[in-house]
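Novice: At position 226 of the sequence shown the residue is numbered 226 (full-length UniProt numbering), and the sequence of numbers has no breaks.
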Amino acid sequence: MYVDNADLSVPGLGGGVALSRTWNSIYPSTQLGPTETGIFGLHWRSNYEERVSQGSDSFIKYQRGDGSFWSFGYDTASSAYLTAAPSNDASKLSFNGTNLWTLTFQDGSKRTFDYSSGSLKTIVDRNGVTTTLNYDTNGTRLISVVDQPGRHLYFNYGSTEATYYIVQSVTTDFGISLTYTYDASNRLTQVTKPDGTHITYEYNAQNLITAVKDNQGVVLESHTYDSLGRGLTSARANGVQAVTVTYPQ
């Protein structure tokens, strides 16, 4: 199951500044440390949390903002890593020999990643307009995102050991702020928008989202699962776009 939310979108050069989050039910719920923990809690990933890492095999893994993965295998003819999965994509990944991975997509846009940490460093559109990500001195916490005109998103974290890597608020230098609330298990339960309205998330004992509600408590979408955590049903408000999934016995 997926839950997508767009928290912020300000038009501008190179697409402007945007912050979106995706909750993915199959993303590991056991978090192994700061490089595995989503900055918005269990199962969540944002568009700024993409990374590159060496897999247990010979492939390089590209972890996307929605929690899914692409695989790249080395091609000696081009001296680059080409897409192995998905097989219908012609993106390529190259290493500069020192400290930077560059992922070039079919449309000419690019992502660069730090070789040591795998963290996303820049997002470059096909016209060369660049968005830059800045991290703390340890390179583990995303501190700010700045677009080419100089507008910033600032990520503010908790002060306790349990919340040190969990974003509590996002502020800007252009008058927008968002607040994030979590339960004791670091599950994101509420996002408060600049106008004071909020979105809430409800979970079951498996840490899986069962409902998303608006400021008035109206269910925007609902989900059910089996005992293995596999999605069974999903629907928008009032049963719109209802989907039921069955599995072989």
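Note that the Cβ used here is the ideal one computed from N, Cα and C, for glycine as well.
As the structure is a computational prediction, the values presented were derived from the model and not from experiment.
Given this structure, state the Cα-to-Cα distance separating THR233 from ILE26, to the nearest angstrom.
Specialist: Roughly 15 Å separates the two Cα atoms.
Novice: Alpha carbon to alpha carbon, how far is GLY128 from VAL3? Give it in angstroms, no decimals.
Specialist: Going by the C-alpha atoms only, they are around 31 Å apart.
Novice: Just list the alpha helix (DSSP H) runs in the stretch 164-234, keeping only unbroken ones of 4 residues or longer that don't cross its boundaries, in chain order.
Specialist: List check, alpha helix (DSSP H) in window: nothing returned.
Novice: What's the call for TYR48, buried or exposed, on a 16-neighbour Cβ count within 10 Å?
Specialist: Its Cβ being crowded by 16 or more others within 10 Å, TYR48 is buried.
Novice: Round the Cβ separation of ARG141 and TYR165 to the nearest angstrom and send it over; I've been treating them as touching at under 8 Å.
Specialist: Going by Cβ atoms, the distance from ARG141 to TYR165 rounds to 6 Å, so yes, they are a contact pair.
Novice: If I follow the unbroken beta strand (DSSP E) through VAL129, where does it start and stop?
Specialist: Run containing VAL129: none; DSSP gives neither H nor E here.
Novice: Which residue's Cα is closest to the Cα of ASP195: ASN215, GLU202, ALA205?
Specialist: Minimum Cα distance to ASP195 is reached at ASN215.
Novice: Go ahead and pull the three-state DSSP assignment for LEU42.
Specialist: Coil, per DSSP.
Novice: Quick one: grab the DSSP three-state call for ALA18.
Specialist: It is a strand residue.
Novice: Pull the bridge partners of ALA80 from the DSSP assignment, please.
Specialist: ASP75, per the DSSP bridge assignment.
Novice: Do the stretch 197-215 and the stretch 51-62 make contact, defined as three or more Cβ pairs closer than 8 Å?
Specialist: Short answer: they don't touch.
Novice: Restricting to Cα atoms, I'd like to know which of ALA85, THR112, ALA205 is closest to LEU228.
Specialist: Here the closest residue by C-alpha is ALA205.
Novice: Report the rounded CA-to-CA distance for GLY65 versus GLU161, giving the unit in angstroms.
Specialist: Using only the alpha carbons, I get a separation of about 25 Å.
Novice: Measure the C-alpha to C-alpha separation of THR112 and GLN168 and round it to an integer number of angstroms.
Specialist: Using only the alpha carbons, I get a separation of about 26 Å.
Novice: Measuring straight from C-alpha to C-alpha, what distance separates TYR203 and ALA211?
Specialist: Approximately 7 Å, taken between the alpha carbons.
Novice: Under 8 Å Cβ to Cβ from SER78, same chain only, skipping five residues before and after it: list those, please.
Specialist: Answer for SER78: LYS92, listed in chain order.
Novice: Counting pairs of Cβ atoms below 8 Å between the stretch 82-100 and the stretch 147-163, do you hit three or more?
Specialist: No, the stretch 82-100 is not in contact with the stretch 147-163.
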